[in-house]
Structure formats: structure tokens, C-alpha cells
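Notes follow once the structure below has been shown.
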Amino acid sequence: MRVELKSQPLYNQNGKARALDLHLANGIVQTPVFMPVGTQGCIKGLDSYDLQTHLDSKLILANTYHIYLRCGAERKESCAGQIGAIQKLKTLGGMRKFANFNGNYLSDSGGFQAFSLGKNAKLYDYGVEFKSHIDGSKHIFTPQKVLDIQYALNSDICMVLDDLIGLPAPIERLKQSIHTTIRWARESLKYHLAQKMENPTNHIFAIIQGGTDTSLRKICAIELAQMQEFDGYAIGGLAVGESAKEMYETIESTTEFMPPHKPRYLMGVGTPENILEAIALGVDMFDCVMPSRNARNATIFTSQGKLNIKTSSFGLDTRPLDEECDCYVCKNYSRAYLHHLYRSREITYHRLATIHNLYFYLNLTRKARQAIIDGNFLAYKAQTLSKMANPKNV
Ligand SMILES: [Zn+2]
Numbered sequence: 470m471r472v473e474l475k476s477q478p479l480y481n482q483n484g485k486a487r488a489l490d491l492h493l494a495n496g497i498v499q500t501p502v503f504m505p506v507g508t509q510g511c512i513k514g515l516d517s518y519d520l521q522t523h524l525d526s527k528l529i530l531a532n533t534y535h536i537y538l539r540c541g542a543e544r545k546e547s548c549a550g551q552i553g554a555i556q557k558l559k560t561l562g563g564m565r566k567f568a569n570f571n572g573n574y575l576s577d578s579g580g581f582q583a584f585s586l587g588k589n590a591k592l593y594d595y596g597v598e599f600k601s602h603i604d605g606s607k608h609i610f611t612p613q614k615v616l617d618i619q620y621a622l623n624s625d626i627c628m629v630l631d632d633l634i635g636l637p638a639p640i641e642r643l644k645q646s647i648h649t650t651i652r653w654a655r656e657s658l659k660y661h662l663a664q665k666m667e668n669p670t671n672h673i674f675a676i677i678q679g680g681t682d683t684s685l686r687k688i689c690a691i692e693l694a695q696m697q698e699f700d701g702y703a704i705g706g707l708a709v710g711e712s713a714k715e716m717y718e719t720i721e722s723t724t725e726f727m728p729p730h731k732p733r734y735l736m737g738v739g740t741p742e743n744i745l746e747a748i749a750l751g752v753d754m755f756d757c758v759m760p761s762r763n764a765r766n767a768t769i770f771t772s773q774g775k776l777n778i779k780t781s782s783f784g785l786d787t788r789p790l791d792e793e794c795d796c797y798v799c800k801n802y803s804r805a806y807l808h809h810l811y812r813s814r815e816i817t818y819h820r821l822a823t824i825h826n827l828y829f830y831l832n833l834t835r836k837a838r839q840a841i842i843d844g845n846f847l848a849y850k851a852q853t854l855s856k857m858a859n860p861k862n863v
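Under my numbering, the first residue of the sequence shown carries the number 470, and numbering increases by one thereafter.
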């Protein structure tokens, strides 16, 4: 992956905030960037036309665990007339061709889903054994196996398998987590480099763990940074029970030890405020289900903070969802119409609310990029957060 730095100088009036261009096989991704979450390879309620036309999204996230299980998993390979998920995804030409999306995919490794399965997942030296949440069938994810699935997805960015834990956690468990994560990262990189000729456009990111213990984060970041062939580095294991203050302190103490010339991805975070604060600390890439999931549950993100579109006062409100937003929904529909669709349980509500909320997040990071390039990111962050916290005339 070729990475171009667009903010000069890097550490000056913009603090640590960065603007990069990531040259991927399916187009340039400009950072800071928010990646919509497509659990099954699509954003719930949207199709590739919405992503390309209404959101202009160049990079979306797909969940390896969910697609693997829904596409048949491997246990069916032995059944007559059935093929496994890996072969099926290869036959279909990978996720991008399957979904007819003209941008890039990043796929996670399934580590977070294994963590979410609780007692239905068991950690071993060689990987994670788990029971499917769909039918209870048993499966194993190893560092090599999750890469094979991601190669079959033909992901532009593949994530390594890591050992994610909830917080707070005992120090011994945290130490075990970073040792397992580092060992699996080494195995993943070795396997990836051996496959590189076959999969030249699939890039690989390592994941830094360590909870909110800054000394363990430092050890993990330094060890992984020494494996120089990784194309980028992620901060995993945050937004799992710690306070916002602990999260920011952890990010700050981790980015310090991450290679400055490689992209940095904060996994699964978060609110608009979390994202702007993390950009200020030197993070480039984000994903979160919050904008799409909250849209479906009636929460609308706006420049003046959040709206609950269920509220009866919106029944006669002819204003757009956000008067400062120029998305397809705000240009064409009123709050009253969205309120009506929500109350009527219309599927159309989900699509329109999701388009607006994702546009809001994408626009937040696009404006952040412009502010970084213009040299006034910290002022942009302060103004944006102040407006959200002190809404006027909502
Ligand atoms: Zn809008």
C-alpha cells in the first residue's frame, strides 16, 4: 500500500492530527475516514448504489465471522452438493464483485465476535474454538484460517486474529492477551508474506492490545511495530467498558509508539466526540455500528446533537433532519416525514435514516481532513463539539 501524507508539517498547528491518502486496489481512501459497518458485506437497508451515490464511501467494513457462517462455513464441504464458505466466496469473485461495490473492503478477523460469544468461545494457543450463534455448530479460527477467509473475500485490508478481552480485566489476563496477540500477529505475517504472490492487493494490519494499561500497550505496540511488513496498525480492545478519559489516555500513550508513516485504525469507536478526540491524538481510520444501528432505533445525529425522531413534536416539523446537512435525505425530506415513516414502521425509514446518519459521520471526518490540511483542526474540533453540546433551536 502506498501512503501519502497530505498534512504538512505533520506535528504542528494541528497537534498530532494527520491527513493521509491510502492507495488501495479499488481507489484512493482519504483519511481521516469513517468506515460504515456492513456486517454481511452490505450496510443494513442500503445497497452499493446508496453507498456510491449518496455517501461516496470508498472503504467499508465486512465481518468475517458473520459472512463465513452465513455463507455455509467449512463443515459443509464434506456434504454432497455443498461447498464451504471459502470456496463459495472465491467462486463468487470475492465480496466486492458479489455486492457490486466499486470501493474497497476492510474485513475484521472475527476476534471481536469470538469475544462477544462469551462462554461459547474458548481460547487455545493455536486459535479460538467457538459455537455458531446461528445453529450451535463448532468452528475453529486460527491466525491462518481467518486470513484464508479474508483472501476469499478479496478484502483490500485484512485484520489479524487477536485476543480481545473486556475491561476491567486482571493484569495476568491482560499480559496473556498481549502475548497471544503478538504471537498470532507474527504467525499471521509469516503466512501472509508466503501468500503475497497469490494475493498481491490484499493488505494486512496488526492489532495492538493491552487494555488501559499503558505499559502493556507500549510493549505490544513496539513489538508489532518491529514487524515492519505490516501495512498498518490498529488499536483494538477499547470501548469495552472503560471511561472516555481512560480511552483517550490509552490512545495517546499507544499512538506514540506506532509507526508514523503507516495508517492507524481505532477499532469499533465510537461517538462523534470520540472520533474527533482520537483524530487529535493521531488516529486515521474508524468504524462503528453506532450511526446505522442508532438510525434504526430512531436516534438521528445532527450538527446540533442527537434527535429522537419518535418524539411527537416532530410530527409537524417541516425542517430537514439537520439544517446544516446537505445529504440526499436532508435535501428531499422533512423531519415530519421521517417521523411518520418511523411511526408507521416503514422499511423506507431505515434506509433514509441510515443514509443521513452515515453521511453525518462521513462528513465529520471529511471536514476534519480539510481542517487538518488548512491547519485549523483544533478550532474545527472545538466548534463542532461545542455546537453538539449546546444545541440551539432544535
Ligand atoms: Zn442529512
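Beta carbons are placed, not taken as given, at the ideal position from N, Cα and C, and that holds for glycine.
Inter-residue CB distance, residue i and residue j (contact presumed, cutoff 8 Å)
i	j	result
ASN671	TYR620	6 Å
ASP625	ALA494	6 Å
ASP756	GLY705	Between GLY705 and ASP756 the Cβ distance is about 11 Å, and since that is not below 8 Å, they are no contact.
GLY510	PHE581	With 8 Å as the limit, GLY510 and PHE581 do not qualify as a contact, their Cβ atoms being about 17 Å apart.
CYS689	GLY679	5 Å
Nonlocal neighbours in the same chain, by C-beta distance under 8 Å from residue i, ignoring five residues either side
i	result
ILE512	PRO505, VAL506, ASP519, LEU520, ILE529, SER761, THR823, LEU827
ASP700	MET470, ILE626, HIS672, ILE673, PHE674, LYS731, PRO732
LEU821	VAL798, TYR802, LEU807, LEU810
LYS800	PRO789
Collapsed DSSP secondary structure at residue i in the structure displayed
i	result
CYS799	helix
ALA638	coil
ASN573	strand
GLY774	strand
LYS861	coil
MET666	coil
GLN852	helix
TYR595	coil
HIS730	coil
LYS485	coil
CYS627	strand
ALA708	coil
LEU750	coil
THR724	helix
HIS672	strand
GLU473	strand
ASN531	As written in the sequence, residue 531 is Ala, which differs from the Asn given in the question. Residue state, collapsed to three classes: strand.
ALA542	coil
ASP756	strand
THR768	strand
GLY701	strand
GLN695	coil
CYS548	Because CYS548 carries a pLDDT of 48, less than 50, the predicted location of this residue cannot be relied on, and the following value inherits that uncertainty. Coil, per DSSP.
ASP490	strand
LEU735	strand
LYS600	strand
PRO605	The question names Pro, yet the displayed sequence has Gly at residue 605. The answer is coil: DSSP assigns GLY605 none of H, G, I, E or B.
GLN414	There is simply no residue 414 to check, as the chain begins at 470 and stops at 863 in what is shown.
GLY496	strand
Cut-off 7 Å between Cβ atoms - residues of its own chain near residue i, not counting five sequence neighbours on either side
i	result
ILE842	LYS475, SER476, ALA488
ALA654	VAL629, ALA675, LEU693, MET696
HIS661	LEU616, ILE673
ALA767	ASN777, ILE778, LYS779, TYR811
SER547	For SER547, the predicted model reports a pLDDT of 47, less than 50, meaning its position is unreliable; a value from the coordinates is still stated below. Same-chain partners within the cutoff: there are none.
LEU831	PHE503, LEU524, SER526
ALA840	PHE846, TYR849
ALA583	ALA590, VAL597, PHE599, PHE610
Own chain partners of residue i with C-beta closer than 6 Å, once the 5 adjacent residues on each side are dropped
i	result
GLY579	THR533, TYR534, PHE610, VAL615
SER855	none
PHE570	SER517
ALA549	Reliability fails at ALA549, whose pLDDT of 47 lies under 50, so the model's placement of it is uncertain and the value that follows must be treated cautiously. Excluding residues within five positions, none has a Cβ falling inside 6 Å.
Residue i at chain B interface by Cβ criterion, 8 Å
i	result
TYR830	No chain B is part of this structure, which consists of one protein chain only.
### Query
If we count Cβ pairs, one from each stretch, closer than 8 Å, do we get three or more for the segment 604 to 622 versus the segment 736 to 755?
No: fewer than three Cβ pairs fall under 8 Å.
### Query
Should the segment 643 to 663 be regarded as contacting the segment 681 to 695, the criterion being three or more beta carbon pairs within less than 8 Å?
The way I'd put it, the segment 643 to 663 does touch the segment 681 to 695; three or more beta-carbon pairs between them come closer than 8 Å.
### Environment of ligand 1 in chain order, Cβ to heavy atom below 6 Å
Output, sorted by chain position: LEU790, ASP791, CYS794, CYS796, VAL798, CYS799, HIS825, TYR828.
### Task
May I ask you to verify whether the segment 842 to 860 touches the segment 748 to 765, counting CB pairs closer than 8 Å and requiring at least 3?
Judged by Cβ distances under 8 Å, the segment 842 to 860 makes contact with the segment 748 to 765, as three or more pairs qualify.
#### Entry: Contact the segment 782 to 798 vs the segment 807 to 819: 3+ CB pairs below 8 Å
Verdict: yes, contact present.
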